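The structure appears below as structure tokens.
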Amino acid sequence: MVEKPGFFGRLANPSIFLKLSGAVLPWLTGLTVVLMLVGLYLVFFVAPPDYQQGETVKIMYIHVPSAWLAMMGYAIVTVASIGSLIWRHPMADVAAKSALPIGACFTLLALITGSLWGKPMWGTYWVWDARLTSVLILFFLYLGLMALWQAVEEPSRAGRAAAILAIVGSVNLPIIKFSVDWWNTLHQPASITRLDAPAIHSSILIPLLVMAAAFTALFFVLHLTAMRAEVWRRRVQALRLTQVDAARAGEGARA
Amino acid sequence: MRLSVQDLTCVRGGRTVFEHLSFDAEPGKGVQLVGANGVGKSSLLRILAGFLPPAAGTFTLEGADEETPIGEFCHYVGHLNGVKRAFTVHENLAFWADFLGGGEVDEALDAFNLLDLRDIPAGLLSAGQARRLGLARLRLVERPLWLLDEPSVSLDEASRNILSATIEGHIAAGGLVIAATHLPLGVKFGQTLTLGAEGTS
Amino acid sequence: MHAFARLVARDVRLTLREGGAISTALGFYLVVVAILPLGLGPDLNLLSRIAPGVLWVSLLLAALLSVERIFHNDLEDGTLEVIALGPLPLELVAAAKSLAHWISIGIPLVIAAPILALLLNLPADAFWVLILTMLTGTPAISFLGAVGAALTLGLRRGGLLLALLVLPLYVPVLVFGVSAMNAVIVGPASFLSSYLILCALSLATVVLAPLAAAAALRLSLG
């Protein structure tokens, strides 16, 4: 009764994924821990405080990797969405869906650390700086995608609807960035000191790169774990459906 | 023309509705779809109309241009009538005639006894009258394949007889009809397809 | 093209005949523009300085209110199914219905904008820019809105979700529409560079958005 080919056909690929990701995850977790420890050591004991900003400059070591992951997360969602629309690959849906909350969290982290950093730098928590503004809009795109996933009940329809929106969003994202830059130069005298002007000294760059690597590894640990959870959730759902069907068939036989 | 369905499988909401469904619909015979609620009568019609992609399997309309989607060869009458309440009865059909490329509006209205209501806004029609207006599309635009999902809902006996006559006329003229019905239509169907039974075919 | 023109004409006629959508959008536009000075104070200098932004943001919100009905009504009464079986590809169906929305809602809002601009003391020489930029930008609002409308078709709380999905995508149109107006009112930036980008945005949206809307419509019909 249960051996419906459709049911097992859908499980075939995720099974391989579960196996592979299960083998990779412990190593990746270990790597994340090591990178994070080395990175934090470098940040707190090696990297020099800024001559103007003092120790607050160390927020940068959280802020920059978070902002980077905010964008990488959206890139992953876009690639997975294209995969899900074109090849209808079930794992692409899973990848896109599970990347969303993680990407949104890093985006929020970038926004919060950016505004905490802004307080000593600019004297206020929020500045309508071009970067902060476009990251804020990126955050709204994440929220919209997550809301769409929640609003559509059927997972396959939700996946494709979210994929369409993600692709529309990724086409729009550079234009939004461009327009926000444009808007910002119109309204704001370019007086805000930025870090990117002088060449970054290696005592800052190396801790930053290690932290970026640590955050990236953390992202993939979280992403793989979330994908595994999603696969299990779908299996539970499929089992429940077969249970309902079996019960219904039983009722039919009695009737 | 002849519709041939091979190995069709339908999955909705992660649940297999039916699978490995194969049948041929010959011209001049007509297919009646029967089966309990939820066995996939509506889903089958929606797949054939092209609204719902099948999980597996194929269907072809022999004798039709392969470039053109099958949807353009068929009439689909679902649970909703496809009637604009703000338009009059005549305007409703006139738009379909223009858009779908059809014929005489008044003839189609007459066939379904709607000529007296020609200039009444469709929002004022009773359920049965609105259903007839939805069905009048069948007479308005010439299409070989008719997909009817409970077409006789909210029709009285006289209207049901009109519908049966229309369906029989289409079948007699060599057209294809696939109709899902609970209520007897009074049409002689050449073929009855029971979904949900063991060994579906 | 015949079927395309027929569909546009039908949608425009329906909106005009039902009437509610146009008057709701216009009423909403008026109320939003009129209530802002109550929050900001009656200082006419301030109001005239922020008038372009206020007029544009309120226009976005007013248009957004009616965007949902581009496909919703046709889905509810079953006409969308019949239209989908017609000779017109779904991409062109989406384009026709977006165009009809622009004609029946976008243009009335643009016509109302100069009247509302009087309330905000917009400088007289900015009126032509107001009309020009809004005429150029509103098609993008209708066509992008149609993508959101198609994605949220038939969902509970679809309207609220629609706003969340679509408003971030409106940012470029808003920025360049307002900056083209400000270039004329306060300078020093060039009007033409902002305006030409707005034209490009609008054209690209009109071409690309129906593709996404049609893909979303296929999902909703299934």
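Residue numbers (this note's numbering), protein chains in the order written: chain A, 5 to 259; chain B, 97 to 297; chain C, 16 to 237.
Glycine included, every Cβ here is placed at the ideal spot set by N, Cα and C.
Because the structure is a prediction, the values reported are computed rather than measured.
Pair within 9 Å by beta-carbon distance, residue i and residue j
{"i": "A193 of chain B", "j": "L234 of chain B", "result": "no"}
{"i": "V42 of chain A", "j": "V214 of chain A", "result": "yes"}
{"i": "L107 of chain C", "j": "F19 of chain C", "result": "yes"}
{"i": "L112 of chain A", "j": "F143 of chain A", "result": "yes"}
{"i": "A230 of chain A", "j": "S102 of chain A", "result": "yes"}
{"i": "F208 of chain B", "j": "A190 of chain B", "result": "no"}
{"i": "L210 of chain B", "j": "L196 of chain B", "result": "no"}
{"i": "A276 of chain B", "j": "S138 of chain B", "result": "yes"}
{"i": "S81 of chain C", "j": "H116 of chain C", "result": "yes"}
{"i": "A224 of chain C", "j": "F158 of chain C", "result": "yes"}
{"i": "G163 of chain C", "j": "L177 of chain C", "result": "yes"}
{"i": "G134 of chain B", "j": "I274 of chain B", "result": "no"}
{"i": "G173 of chain A", "j": "Y78 of chain A", "result": "yes"}
{"i": "L70 of chain C", "j": "L170 of chain C", "result": "no"}
{"i": "V346 of chain A", "j": "L29 of chain A", "result": "The first residue shown for chain A is 5 and the last is 259, placing residue 346 of chain A beyond what the model contains."}
{"i": "E83 of chain C", "j": "G173 of chain C", "result": "yes"}
{"i": "R214 of chain B", "j": "V249 of chain B", "result": "no"}
{"i": "L243 of chain B", "j": "L117 of chain B", "result": "no"}
{"i": "C170 of chain B", "j": "P280 of chain B", "result": "no"}
{"i": "G93 of chain C", "j": "G174 of chain B", "result": "yes"}
{"i": "L150 of chain C", "j": "P67 of chain C", "result": "no"}
{"i": "L289 of chain B", "j": "V130 of chain B", "result": "yes"}
Whole-Å CB distance - residue i paired with residue j, under 8 Å assumed
{"i": "P129 of chain C", "j": "F142 of chain C", "result": "5 Å"}
{"i": "P123 of chain B", "j": "L272 of chain B", "result": "6 Å"}
{"i": "S25 of chain A", "j": "R239 of chain A", "result": "That belief does not hold up - the Cβ atoms of S25 of chain A and R239 of chain A are roughly 15 Å apart, past 8 Å."}
{"i": "A6 of chain C", "j": "S209 of chain C", "result": "In this structure chain C extends from 16 to 237, so residue 6 of chain C is not present and cannot be described."}
{"i": "A166 of chain A", "j": "L149 of chain A", "result": "5 Å"}
{"i": "A218 of chain B", "j": "R181 of chain B", "result": "5 Å"}
{"i": "A100 of chain A", "j": "A170 of chain A", "result": "7 Å"}
{"i": "A71 of chain A", "j": "A114 of chain A", "result": "4 Å"}
{"i": "L166 of chain C", "j": "A231 of chain C", "result": "5 Å"}
{"i": "G136 of chain B", "j": "L291 of chain B", "result": "6 Å"}
Residue range of the alpha helix (DSSP H) that includes residue i
{"i": "R228 of chain B", "result": "A223 to L236"}
{"i": "W71 of chain C", "result": "L59 to V82"}
{"i": "L145 of chain A", "result": "A134 to A155"}
{"i": "V179 of chain B", "result": "Here V179 of chain B belongs to no alpha helix (DSSP H), and DSSP marks it neither H nor E."}
{"i": "T111 of chain A", "result": "P94 to W126"}
{"i": "K284 of chain B", "result": "Per DSSP, K284 of chain B belongs to no alpha helix (DSSP H) and is neither H nor E."}
{"i": "T94 of chain C", "result": "T94 to A99"}
{"i": "L32 of chain A", "result": "P9 to Y45"}
{"i": "L210 of chain B", "result": "Here L210 of chain B belongs to no alpha helix (DSSP H), and DSSP marks it neither H nor E."}
{"i": "P69 of chain A", "result": "M64 to I90"}
Nearest residue (CA-CA) to residue i, options the options
{"i": "L213 of chain C", "options": "A:A217, A:I180 and A:T220", "result": "A:I180"}
{"i": "P39 of chain B", "options": "B:I143, B:P240 and B:S260", "result": "Because chain B in this structure spans residues 97 to 297, residue 39 of chain B falls outside the shown range and cannot be described."}
{"i": "F183 of chain B", "options": "C:D26, C:L90 and C:L137", "result": "C:D26"}
{"i": "V82 of chain B", "options": "B:L251, B:I166, B:V107 and B:F119", "result": "Residue 82 of chain B cannot be examined here, being either before or after the span of chain B that is shown, 97 to 297."}
{"i": "S138 of chain A", "options": "A:V184, A:G118 and A:V175", "result": "A:V184"}
{"i": "E168 of chain B", "options": "C:D92, C:F86, C:T94 and C:L103", "result": "C:L103"}
{"i": "L22 of chain A", "options": "A:M76, A:M95 and A:V38", "result": "A:M95"}
{"i": "F219 of chain A", "options": "A:M40, A:A27, A:G34 and A:W186", "result": "A:M40"}
{"i": "Y271 of chain A", "options": "A:L120, A:L177 and A:I66", "result": "For chain A, the structure presents residues 5 to 259; residue 271 of chain A sits outside this window and is missing."}
{"i": "N188 of chain B", "options": "C:T151, C:L234 and C:R21", "result": "C:R21"}
{"i": "I166 of chain B", "options": "B:G110, B:Y172, B:L157 and B:V201", "result": "B:L157"}
{"i": "I80 of chain A", "options": "A:M64, A:D97 and A:R92", "result": "A:D97"}
{"i": "R28 of chain C", "options": "C:L135, C:I118 and C:V190", "result": "C:I118"}
Residue i: first and last residue of the uninterrupted beta strand (DSSP E) it sits in
{"i": "G153 of chain B", "result": "A152 to E158"}
{"i": "S139 of chain B", "result": "S139 of chain B -> not in any beta strand (DSSP E); alpha helix (DSSP H) instead, spanning K137 to A145."}
{"i": "R25 of chain C", "result": "No beta strand (DSSP E) contains R25 of chain C, which is instead part of the alpha helix (DSSP H) from H17 to E33."}
{"i": "R233 of chain C", "result": "No beta strand (DSSP E) holds R233 of chain C; the alpha helix (DSSP H) holding it covers F206 to L236."}
{"i": "V273 of chain B", "result": "L272 to A276"}
{"i": "T112 of chain B", "result": "R111 to A121"}
Per DSSP, the bridge partner or partners of residue i
{"i": "H171 of chain B", "result": "B:W242"}
{"i": "D54 of chain A", "result": "A:G58"}
{"i": "T290 of chain B", "result": "B:V130"}
{"i": "D140 of chain C", "result": "Note: D140 of chain C sits in no beta bridge, so no partner."}
{"i": "T105 of chain B", "result": "B:A152"}
{"i": "A49 of chain C", "result": "DSSP output for A49 of chain C lists no bridge partner at all."}
{"i": "T184 of chain B", "result": "B:P217"}
{"i": "L99 of chain B", "result": "B:A121 and B:L157"}
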